[in-house]
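These notes are about the structure you will find just below.
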Ligand SMILES: [Zn+2]
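Residue numbers (my numbering): 25 to 143.
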């Protein structure tokens, strides 16, 4: 499932940022921005074990409003680059020790390191 943006169907890369400590969770979803925010909020309220909900509940950090918490990083048409772009955004947060994604899926990446040095 993906979101229609003009004439294109795209997937959006989202960043969910803790309003207390700024740690971030990066993911890609085809659902609408507000629908995804509601899913994150419901996970928090029901103590379901998502990385973001787990962080907020264990560290007693609040679940902030959508304008302080969620950010669209990029829209991407479905295709071969979709997962690579997600891994890059996750790696970017990982490189500054600011991520809430599953660390076991993050591997050293010299290309991502080079891209981050250019920014
Ligand atoms: Zn936090």
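No residue lacks a Cβ here, since even glycine has one placed at the ideal position from N, Cα and C.
>> Measuring only the C-alpha atoms, how far is residue 57 from residue 134?
In response: Start at 1 with the first residue of the chain shown, and residue 57 comes out as number 33. Start at 1 with the first residue of the chain shown, and residue 134 comes out as number 110. Spanning the two alpha carbons is a distance of roughly 31 Å.
>> Spatial neighbours of residue 126 within its chain, please: C-beta separation below 7 Å, excluding the five flanking residues on both sides.
In response: Looking up residue 126 in the chain shown gives position 102. Counting only Cβ-Cβ distances below 7 Å, and skipping sequence neighbours, we find 75.
> Taking C-beta to C-beta, are residue 35 and residue 106 nearer than 7 Å?
Replying inline: Here residue 35 refers to the residue found at position 11 when the chain shown is read from its first residue. Here residue 106 refers to the residue found at position 82 when the chain shown is read from its first residue. Result yes, Cβ atoms of residue 35 and residue 106 sit closer than 7 Å.
> Taking DSSP as the reference, what is the three-state secondary structure of residue 40?
Replying inline: Start at 1 with the first residue of the chain shown, and residue 40 comes out as number 16. Strand at residue 40.
> Within 10 angstroms of its Cβ, does residue 114 collect 16 or more other Cβ (buried), or is it exposed?
Replying inline: As a position in the chain shown, residue 114 is number 90, starting the count at 1. It is buried - the Cβ of residue 114 has at least 16 other Cβ atoms within 10 Å.
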